[in-house]
Each structure stands twice: as C-alpha cells, then as structure tokens.
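Comments concern the structure below.
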Amino acid sequence: MRPTTRRPTRLCSVAALAAALVCVGAVGPYGGLGTAFAGLGVLALAAGLGVNSRPLVTLGPLALFVGAVVAGARDAPVLATLLAIVAAVLAYDFAATGIDIGAQLGREADTRRLELVRLGTSSFVGVATGGVSYLVYVLGTGGRPLSAVVAMLLAVIILFVALRRQTPTG
C-alpha cells in the first residue's frame, strides 16, 4: 500500500495556473507594472502549488490582483481589468481548493468529479459576478470612473465571500 500524498490535486492546480495565465493575458497588452505584478503572481502561485505552501498560494493571487488593479489604474479597459480581477480571485479559489482536497483526501484519491463541480460552480459565480459588475459599470457610472472602480472592488469582495462560503467537500 502506497502512502497518501497530501499535496494539491492536479486538476485544481492546473485550473489555478490557467486562471492566473488568463489574468496575465488580460493585463499583458497594457504592459508596465501591472504585467510585472501579474507575472510574479504566476510564479509565486506555481511555486506554492509545487511545494504545497499556503502562504505562496495566497501571495501569488494577491500579486495577480494588484497587477490587475494597477493595469486598470493605468488606463487598461474596464472589461480587461474586470476579467483579470475575476481570474485572480478564481486562481486563489482553485489553488486553495486543490490544497484543501489534497490535504483531506490525498492526491491519489479519485476526486475529479468533486473538483469539476467545485471548479464549475466557482467559475459560474465568478462570471456572474463579473457580468453584473460590468453591467453596473455600463448602466450606472455616468462618466465617473471612480464609481466603477468602487463597484468592481465591491463585486470582488462579494465574489470572494461567496466562494469562501462553499466547502471543498460539497
């Protein structure tokens, strides 16, 4: 009998890195400091998943988020900024889920169905929150970009709370 490996699950790890790359792709065309932060976020997230480090898995998406906010503050379009922010939050959620499931059930356990449900649910909540945020921006900003930023940050907080209320086991 092989010992149980308490490492992040592969599916959630791949999904977290894919979300991180979406974030980089969204801020990348606008260059500068936002792209640098996002790039560092991907590296920290990958390292955290590789060595099973919760602090690095938290730091990576935080850097992704900062990169998205910096890109938005430096004239990246609202839609690209919003996509990057949602992707950063999802990267954190996917990575944390992978660590939690790996710690509870082990990497060798067949958890694909559980992970797919969690990834799908989180993605739906993220896309829905992002869509509502963009709709609020389009319909309600009246040319005041500061209110759009506040609305997006509020949406990210709601998204984070909604994703953290879900338990990885159901």
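The numbering used here puts the sequence shown at residues 3 to 172.
Glycine is no exception: its CB is placed at the ideal position from the N, C-alpha and C atoms.
As the structure is a computational prediction, the values presented were derived from the model and not from experiment.
Exercise. Under the rule that 16 or more other beta-carbon atoms within 10 Å means buried, what is G100, buried or exposed?
Worked result: So G100 counts as buried.
Would you tell me roughly how many angstroms separate the C-alpha atoms of A111 and G50, rounded to the nearest one? Just so you know, the alpha carbons of A111 and G50 end up roughly 21 angstroms apart.
> Based on Cα-Cα distance, which residue from T123, V26, A157, R12 lies nearest to L72?
Replying inline: Strictly speaking, residue 72 in this sequence is Val, with Leu absent from that position. Cα-wise, what sits closest to V72 is V26.
Mapping DSSP to helix, strand and coil, what is T7?
-> In this structure, DSSP gives T7 a state outside helix and strand, which the three-state scheme calls coil.
Quiz item: Which same chain residues, not among the five before or five after R114, have their C-beta less than 7 angstroms away from its C-beta?
Solution: Same-chain partners within the cutoff: L13.
query: With C-beta atoms as the reference, is A98 less than 8 angstroms away from A22?
result: No, the pair does not count as a contact, with Cβ atoms beyond the cut-off.
Open item on the list: Is the separation between the beta-carbon of R8 and that of A105 shorter than 8 angstroms?
Closed with: It is a contact, given that the beta carbons lie within the stated cut-off.
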